[in-house]
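**Student:** Take a look at the following structure, please.
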Amino acid sequence: MKNPLKTIRETKPLVHHITNWVTIYDCANITRAFGALPVMAHAPEECADMTKISSALVLNIGTLTSEIIDSMLLSAAAANEKEIPVVLDAVGVGATKFRDEMAAKILGSVHVDIIKGNYSEIAKLAGENAETKGVEATSISADPEKVAKEFAKSSSSVIVMTGKEDIISDGKRTFVVKNGHELMGSIVGTGCMAASIIGSFAAVNPDYCDAARDALSYFGIAGELAAKNSKGPGSFKVNLYDEVFNLSDEKVKDMMKVEEK
Amino acid sequence: MKNPLKTIRETKPLVHHITNWVTIYDCANITRAFGALPVMAHAPEECADMTKISSALVLNIGTLTSEIIDSMLLSAAAANEKEIPVVLDAVGVGATKFRDEMAAKILGSVHVDIIKGNYSEIAKLAGENAETKGVEATSISADPEKVAKEFAKSSSSVIVMTGKEDIISDGKRTFVVKNGHELMGSIVGTGCMAASIIGSFAAVNPDYCDAARDALSYFGIAGELAAKNSKGPGSFKVNLYDEVFNLSDEKVKDMMKVEEK
Amino acid sequence: MKNPLKTIRETKPLVHHITNWVTIYDCANITRAFGALPVMAHAPEECADMTKISSALVLNIGTLTSEIIDSMLLSAAAANEKEIPVVLDAVGVGATKFRDEMAAKILGSVHVDIIKGNYSEIAKLAGENAETKGVEATSISADPEKVAKEFAKSSSSVIVMTGKEDIISDGKRTFVVKNGHELMGSIVGTGCMAASIIGSFAAVNPDYCDAARDALSYFGIAGELAAKNSKGPGSFKVNLYDEVFNLSDEKVKDMMKVEEK
Numbered sequence: 002m003k004n005p006l007k008t009i010r011e012t013k014p015l016v017h018h019i020t021n022w023v024t025i026y027d028c029a030n031i032t033r034a035f036g037a038l039p040v041m042a043h044a045p046e047e048c049a050d051m052t053k054i055s056s057a058l059v060l061n062i063g064t065l066t067s068e069i070i071d072s073m074l075l076s077a078a079a080a081n082e083k084e085i086p087v088v089l090d091a092v093g094v095g096a097t098k099f100r101d102e103m104a105a106k107i108l109g110s111v112h113v114d115i116i117k118g119n120y121s122e123i124a125k126l127a128g129e130n131a132e133t134k135g136v137e138a139t140s141i142s143a144d145p146e147k148v149a150k151e152f153a154k155s156s157s158s159v160i161v162m163t164g165k166e167d168i169i170s171d172g173k174r175t176f177v178v179k180n181g182h183e184l185m186g187s188i189v190g191t192g193c194m195a196a197s198i199i200g201s202f203a204a205v206n207p208d209y210c211d212a213a214r215d216a217l218s219y220f221g222i223a224g225e226l227a228a229k230n231s232k233g234p235g236s237f238k239v240n241l242y243d244e245v246f247n248l249s250d251e252k253v254k255d256m257m258k259v260e261e262k
Numbered sequence: 002m003k004n005p006l007k008t009i010r011e012t013k014p015l016v017h018h019i020t021n022w023v024t025i026y027d028c029a030n031i032t033r034a035f036g037a038l039p040v041m042a043h044a045p046e047e048c049a050d051m052t053k054i055s056s057a058l059v060l061n062i063g064t065l066t067s068e069i070i071d072s073m074l075l076s077a078a079a080a081n082e083k084e085i086p087v088v089l090d091a092v093g094v095g096a097t098k099f100r101d102e103m104a105a106k107i108l109g110s111v112h113v114d115i116i117k118g119n120y121s122e123i124a125k126l127a128g129e130n131a132e133t134k135g136v137e138a139t140s141i142s143a144d145p146e147k148v149a150k151e152f153a154k155s156s157s158s159v160i161v162m163t164g165k166e167d168i169i170s171d172g173k174r175t176f177v178v179k180n181g182h183e184l185m186g187s188i189v190g191t192g193c194m195a196a197s198i199i200g201s202f203a204a205v206n207p208d209y210c211d212a213a214r215d216a217l218s219y220f221g222i223a224g225e226l227a228a229k230n231s232k233g234p235g236s237f238k239v240n241l242y243d244e245v246f247n248l249s250d251e252k253v254k255d256m257m258k259v260e261e262k
Numbered sequence: 002m003k004n005p006l007k008t009i010r011e012t013k014p015l016v017h018h019i020t021n022w023v024t025i026y027d028c029a030n031i032t033r034a035f036g037a038l039p040v041m042a043h044a045p046e047e048c049a050d051m052t053k054i055s056s057a058l059v060l061n062i063g064t065l066t067s068e069i070i071d072s073m074l075l076s077a078a079a080a081n082e083k084e085i086p087v088v089l090d091a092v093g094v095g096a097t098k099f100r101d102e103m104a105a106k107i108l109g110s111v112h113v114d115i116i117k118g119n120y121s122e123i124a125k126l127a128g129e130n131a132e133t134k135g136v137e138a139t140s141i142s143a144d145p146e147k148v149a150k151e152f153a154k155s156s157s158s159v160i161v162m163t164g165k166e167d168i169i170s171d172g173k174r175t176f177v178v179k180n181g182h183e184l185m186g187s188i189v190g191t192g193c194m195a196a197s198i199i200g201s202f203a204a205v206n207p208d209y210c211d212a213a214r215d216a217l218s219y220f221g222i223a224g225e226l227a228a229k230n231s232k233g234p235g236s237f238k239v240n241l242y243d244e245v246f247n248l249s250d251e252k253v254k255d256m257m258k259v260e261e262k
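Protein chains in written order, with the working numbering: chain H, 2 to 262; chain L, 2 to 262; chain U, 2 to 262.
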C-alpha cells in the first residue's frame, strides 16, 4: 500500500479495542492521533455488535480477567466472521500461568491475524523457554527472527516481536524495523500504543504483514522526531503526540529503516 | 449567576462520577483544574453514599456494563432525593442496541437533569433516525436546534448537543455556543471532560441551562487560548490544562460567543 | 541506605499494583520514571502469582469493589509470606462506611507494612474523629504527629500521613518531610503516585520508615524543580516526569528538607 497514513486519515476506520485499564487512554488517543477512530467496549452484551461496525479489533490482556477474556472471544468471533483483522497484544505472557492459559485459550478458540508481544512474550507463546518479568521482556535463548518466522508458519498469523529492533514475519517474509528511540521505553504504554497503531494500519491494508511493518516504522519515526526536543519522559510523550499528528507518508519516506531478511 | 468559576473555586463542590475507564483520569483532572473536587466511586455498596455527600453526579456510559448501570441507578436515585444535578453523557448511543437500551433504562428509571451527547447520540435518544460510528457523531437529518428543544420539553431535562457548535436547551430557552477550537477534537476525552465541567458548574448554579451554557463556553475559550501555542494534540492538551487553571470570570467576559435562539 | 535511587535503577524491582482506575496509568508511569518496573494485575486467578515474582505490593482503594478487595487480600497474603513490603493507600477512608469497612478488613486480615493516607484518612483509620470529603482531606482535631506515632505503635506498621507536610513514623522515629510544591495538589494523582514511589523505595530498602521518608522527599524535590518552569497543572505534570527521570541521589542531597521529631 502506497500511502497508508493518508488512507487511514481519509477513511477513518473504527478500531475496536478490548484492552487493559492502565494504557486504555493512550491506546485510544494514539489511534485518534494517527487518524483512525478508537472505540472501547467490553460488555458481553454489546462487544460483538461493536466489532461488527468496526474495521479492526485490538485485544490486549494487560489487566485481563476471565470475564474480559470471554468478551474478547465474542468480539474476535465476530471479527473473524466479518473478516476484519484481529490483533492480540500478549502482554505479560510468561509472567503467570493464568496469562499463559488465557492467551492459549484465545489462540485456540479464534483466529488472531496479528500476534504481538515483546521478545519473551512471543517466545513463550511459540513454545520456547521464556519468562516475563511482569510485563517486561527478559532475554531469550532462541534466535528471535527464527522464532517469529516459525511461529508465523505454525499459527498462520503475522507475528510481531517488539524490542530494540522489531521483527515482523508472516512465515514467508520477515522484516526487521530499526526505527524508534530509547525514550519510547521510558514511558509506560508505547507497546500497547503500537498494537493500536498496527490495528489502525491493518484496518486499511489487507496485507497485515506490511501493515504491521509500516505501523511500527511510522511510530518509531515519530519517536525519533519527538526525542529531538525532549528532556525526559514528560516532554517526550507530549512531543510524540505532536509528531504523530504531524506525520505524513512523505515525511517518513527517507527515514524508514526496514530490512527484509 | 455572575461569577460561576469564582463560585466553584470558593465552594469546591464535590462532583461524583461514575464514568468510563478510558477518560476517567481526565474527567477527574479537569474537574480539579476548574476548582471542583472530583470523586469516582462505582461499587454498589458505596456509590449512593458517595453521592449523598456530593453536589453533582456525572454519569458517562462510555464503557458501560450492566453492573455499572445498576450503580448509576443507585447513585442517580440518591441524587434525585438530595436534589443535586444529574448529568448523563450518552456516549455511543446509536452504536449498539445495548447502549440504546441502557440509556433508555436510566432515563426511564431516574430523573436526569442534563442529558449530553453529540448530535447523533442526542438525536437517537430523542427518537430521531440516527446512528453513531462507535462514539463519533454522524450527520443527522433533523434540525439539531429543534431536536434539542423538543427533547428538552418531552424529557423535562436540559439537553446539551455538542459539536462544532454546541446547542443547549431547556425547552424554553435555546443557546448556541460557538466557542472552542478544532484541536479539541484531536484528542480523546474533551467530550467526557465537558460533562464533568457541566457537572461542576451545575453543582453551584441551580439554573442548569445557564450552567451548561457557561461550562461549554468557558471550556471552549480555554481551548481557543490553548490552541495558540500548540503544535498538535500533545502540546494542546498540556496548554489546555494550564489555560483552564489560569481562567477567570473576568478573562472570559469578552470572549464568550453565545447566541440565544 | 545511601543511594536509594541508584539502587532502584540498578536493580529494577518489580512493583505489583492493585490500584484504582483513575490514576492507574500515572502509578505505573511514575514507577517507571523512578527506575522500577510496574505491573498491574488484579484477576483473582493470577494476582498472588504476580505478587510472588514482585519486590513490593502497592494497594490503593480509590475505586474499590468487593472483588478487588478479595484480590488485594490474596496478593497481600502472598506478599506477607514472601516478606516483601505491602503499601496500602487508604484513599477515601472516612468518606463512606464501605471504605472504612474494607480498609479495616485489609488491616485485620493481612499485615500492611506501610499505611499511607492524607491527614483525615489516617486519623479515621487510627480511630480518631475524622471525615473525608470524597478523597480530599478535611482538617482533623488531633495532633497529626501524635496520631501517626501512636497508630504506628498499635499497628506495627510505618504510618505515612501526607499533606502540606508529610509525617512518617514507625512508632519510634517520626520524620516530617517538608519538600514539595503546591502545584502537586493541582493535579489528580500525586497522592497515588507517592504510594507507588514508596513501594519502589521499600522494594530496595528493608527499613521501610527510611524508604517512605526518602520516597516522599525525592518526589517533593522533583515537584519543586518541576514547578520552576510551569504555568499550570498541564506543564507542571510534564516537567514533573522530566525531573523525576533526571533526578539523582547527588542532586537531592542539599535539597532534602527532613526533620526528625
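Backbone N, C-alpha and C fix where the C-beta goes; we use that ideal spot for every residue, glycine too.
Ignore the nearest five residues each way along the sequence and tell me which others in residue 213 of chain U's own chain have a CB closer than 8 angstroms to its CB.
**Tutor:** The residue labelled residue 213 of chain U in the question sits at position 212 within the third sequence. Taken in chain order, the residues that qualify are 115, 117, 159, 161, 169, 199, 202 and 203.
**Student:** Closer than 6 angstroms by C-beta to residue 20 of chain H: which residues in its own chain qualify, once you throw out the five before and the five after it? Chain order, please.
**Tutor:** As a working mapping, residue 20 of chain H is identified with position 19 in the first sequence. Excluding residues within five positions, the ones whose Cβ falls inside 6 angstroms are 28 and 61.
**Student:** Give me whichever residues DSSP pairs with residue 261 of chain H in a beta bridge.
**Tutor:** The residue given as residue 261 of chain H occupies position 260 in the first sequence. H:176, per the DSSP bridge assignment.
**Student:** Tell me whether residue 126 of chain H sits in a helix, a strand or coil according to DSSP, three-state version.
**Tutor:** Indexing the first sequence from 1 puts residue 126 of chain H at position 125. Residue 126 of chain H falls in the helix class under three-state DSSP.
**Student:** Does DSSP classify residue 146 of chain U as helix, strand or coil?
**Tutor:** For this step, residue 146 of chain U is matched to residue 145 along the third sequence. It is helical.
**Student:** Report all residues from its chain with a CB closer than 8 angstroms to the CB of residue 72 of chain U; omit the five preceding and five following residues, and keep chain order.
**Tutor:** Within the third sequence, the letter at position 71 stands for residue 72 of chain U. Correct list, in chain order: 19, 43, 44, 45 and 48.
**Student:** Output needed for residue 51 of chain U: all residues of its chain with C-beta closer than 8 angstroms, excluding positions within five of it in sequence on either side, in chain order.
**Tutor:** As a first step, residue 51 of chain U is located in the third sequence; it is residue number 50 there, counting from the start. Counting only Cβ-Cβ distances below 8 angstroms, and skipping sequence neighbours, we find 17, 40, 42 and 76.
**Student:** Under a three-way DSSP split, which group does residue 239 of chain H fall into?
**Tutor:** Counting from 1 along the first sequence, the entry for residue 239 of chain H is found at position 238. Of the three classes helix, strand and coil, the one that applies to residue 239 of chain H here is helix, per DSSP.
**Student:** Just checking: is the beta-carbon of residue 43 of chain L within a distance shorter than 9 angstroms of some beta-carbon in chain U?
**Tutor:** Counting from one through the second sequence, the residue named residue 43 of chain L turns up at place 42. It does: the Cβ of residue 43 of chain L has a partner Cβ on chain U nearer than 9 angstroms.
**Student:** Residue 41 of chain H bridges to which residues according to DSSP?
**Tutor:** Numbered from 1 along the first sequence, position 40 holds the residue referred to as residue 41 of chain H. H:18, per the DSSP bridge assignment.
**Student:** Thinking just about the alpha-carbon of each residue, which of U:146, U:253 and U:190 is nearest to the one in residue 32 of chain U?
**Tutor:** In the third sequence, residue 32 of chain U corresponds to position 31, counting from 1. The option with the nearest alpha carbon to residue 32 of chain U is U:190.
**Student:** Thinking C-beta only, is residue 88 of chain U closer than 9 angstroms to residue 57 of chain U?
**Tutor:** In the third sequence, the residue the question calls residue 57 of chain U occupies position 56. In the third sequence, the residue the question calls residue 88 of chain U occupies position 87. In contact: residue 57 of chain U and residue 88 of chain U (Cβ atoms closer than 9 angstroms).
**Student:** So what does residue 73 of chain U bridge to, in DSSP terms?
**Tutor:** Along the third sequence, read from residue 1 onward, the residue named residue 73 of chain U stands at position 72. Paired residue(s): none; residue 73 of chain U is not in a bridge.
**Student:** Using a Cβ cut-off of 7 angstroms, which residues of the segment 22-42 of chain L contact any Cβ in chain U, in chain order?
**Tutor:** Here the close residues are 22, 25, 26, 29, 30, 33, 34, 38, 39, 40, 41 and 42.
**Student:** Using the three-state DSSP reduction, which class does residue 106 of chain U fall into: helix, strand or coil?
**Tutor:** Here residue 106 of chain U is taken as the residue at index 105 of the third sequence, counted from 1. Residue 106 of chain U falls in the helix class under three-state DSSP.
**Student:** Out of curiosity, what's the CA-to-CA distance linking residue 156 of chain L and residue 35 of chain L?
**Tutor:** Here residue 156 of chain L refers to the residue found at position 155 of the second sequence. Here residue 35 of chain L refers to the residue found at position 34 of the second sequence. Approximately 29 angstroms between the Cα atoms of the pair.
**Student:** From which residue to which residue does the alpha helix (DSSP H) around residue 205 of chain H run?
**Tutor:** As a first step, residue 205 of chain H is located in the first sequence; it is residue number 204 there, counting from the start. Neither: residue 205 of chain H is in no alpha helix (DSSP H) and is coded neither H nor E.
**Student:** Quick one: give me the first and last residue of the beta strand (DSSP E) that residue 1 of chain H is part of.
**Tutor:** Coverage of chain H is limited to positions 2 through 262, which leaves residue 1 of chain H absent and any answer about it impossible.
**Student:** Counting only Cβ pairs nearer than 7 angstroms, list the residues of chain U close to residue 65 of chain H.
**Tutor:** For this step, residue 65 of chain H is matched to residue 64 along the first sequence. The answer, in chain order, is 44.
**Student:** Please confirm if residue 61 of chain L has its CB atom under 9 angstroms from at least one CB of chain U.
**Tutor:** Within the second sequence, residue 61 of chain L is the residue found at index 60, counting from 1. Residue 61 of chain L does not count as touching chain U.
**Student:** So which residues on chain H does residue 91 of chain L lean against when the C-beta distance must stay under 9 angstroms?
**Tutor:** Here the question's residue 91 of chain L lines up with position 90 in the second sequence. Near residue 91 of chain L there are no residues of chain H at all, since even the closest Cβ is about 14 angstroms away, more than 9 angstroms.
**Student:** Near residue 210 of chain H, what residues of its chain come up, given a Cβ to Cβ distance below 7 angstroms and the 5 sequence neighbours on each side ignored?
**Tutor:** Here residue 210 of chain H corresponds to residue number 209 of the first sequence, with the count starting at 1. Correct list, in chain order: 159, 169, 171 and 174.
**Student:** Is the beta carbon of residue 143 of chain U closer than 9 angstroms to that of residue 122 of chain U?
**Tutor:** Within the third sequence, numbered from 1, the residue matching residue 122 of chain U stands at position 121. Within the third sequence, numbered from 1, the residue matching residue 143 of chain U stands at position 142. In this structure, residue 143 of chain U does not lie closer than 9 angstroms to residue 122 of chain U by Cβ.
**Student:** Which of the three DSSP states is assigned to residue 185 of chain L in this structure?
**Tutor:** Taking the first residue of the second sequence as 1, we reach residue 185 of chain L at position 184. Residue 185 of chain L falls in the helix class under three-state DSSP.
**Student:** If you reduce the DSSP assignment to three classes, tell me which class residue 101 of chain L lands in.
**Tutor:** What you label residue 101 of chain L is simply residue 100 of the second sequence in a count that begins at 1. In the structure shown, residue 101 of chain L sits in a helix (DSSP, three-state: H, G or I).
**Student:** What separation, rounded to the nearest whole angstrom, lies between the Cα atoms of residue 183 of chain U and residue 224 of chain U?
**Tutor:** By one-based count along the third sequence, residue 183 of chain U stands at place 182. By one-based count along the third sequence, residue 224 of chain U stands at place 223. Near 9 angstroms, if we compare the C-alpha coordinates of residue 224 of chain U and residue 183 of chain U.
**Student:** Roughly how many angstroms separate the alpha carbons of residue 3 of chain L and residue 249 of chain L, rounded to a whole number?
**Tutor:** One-based indexing of the second sequence puts residue 3 of chain L at position 2. One-based indexing of the second sequence puts residue 249 of chain L at position 248. Each residue's Cα considered, the two are about 12 angstroms apart.
**Student:** Verify the CB distance criterion: does residue 246 of chain L have a CB-CB separation below 9 angstroms to chain U?
**Tutor:** As a position in the second sequence, residue 246 of chain L is number 245, starting the count at 1. Interface residue, yes.
**Student:** Please report the straight-line C-alpha distance between residue 86 of chain U and residue 205 of chain U, rounded to a whole angstrom.
**Tutor:** Translated into the one-based positions of the third sequence, residue 86 of chain U becomes position 85. Translated into the one-based positions of the third sequence, residue 205 of chain U becomes position 204. Going by the C-alpha atoms only, they are around 10 angstroms apart.
**Student:** From what residue to what residue does the alpha helix (DSSP H) around residue 51 of chain U run?
**Tutor:** As a first step, residue 51 of chain U must be located in the third sequence, where it is residue number 50. Segment 48-53, the alpha helix (DSSP H) holding residue 51 of chain U.
**Student:** Is residue 14 of chain U buried or exposed, if buried means 16 or more other CB atoms sit within 10 Å of its CB?
**Tutor:** Within the third sequence, residue 14 of chain U is the residue found at index 13, counting from 1. The residue is buried, with at least 16 neighbouring Cβ atoms inside 10 Å.
**Student:** Could you confirm whether any beta carbon from chain L is found closer than 9 angstroms to the beta carbon of residue 122 of chain U?
**Tutor:** Counted from its first residue, the third sequence places residue 122 of chain U at position 121. No - not a single Cβ of chain L is within 9 angstroms of the one on residue 122 of chain U.
**Student:** Tell me the DSSP bridge mates of residue 162 of chain H?
**Tutor:** The count along the first sequence starts at 1 and reaches residue 162 of chain H at position 161. H:118 and H:168.
**Student:** The segment 78-105 of chain L: which residues have C-beta closer than 8 angstroms to a C-beta of chain H, in chain order?
**Tutor:** Of all residues in the segment 78-105 of chain L, 93, 96, 97, 98, 99 and 100 have a Cβ within less than 8 angstroms of some Cβ in chain H.
**Student:** Whose Cβ in chain U lies nearer than 7 angstroms to the Cβ of residue 236 of chain H?
**Tutor:** Against the first sequence, residue 236 of chain H aligns to sequence position 235. Neighbours of residue 236 of chain H on chain U, chain order: 239 and 243.
**Student:** Mind listing which residues of the segment 3-19 of chain L have their C-beta closer than 7 angstroms to chain U's C-betas, in chain order?
**Tutor:** The residues in question are 15.
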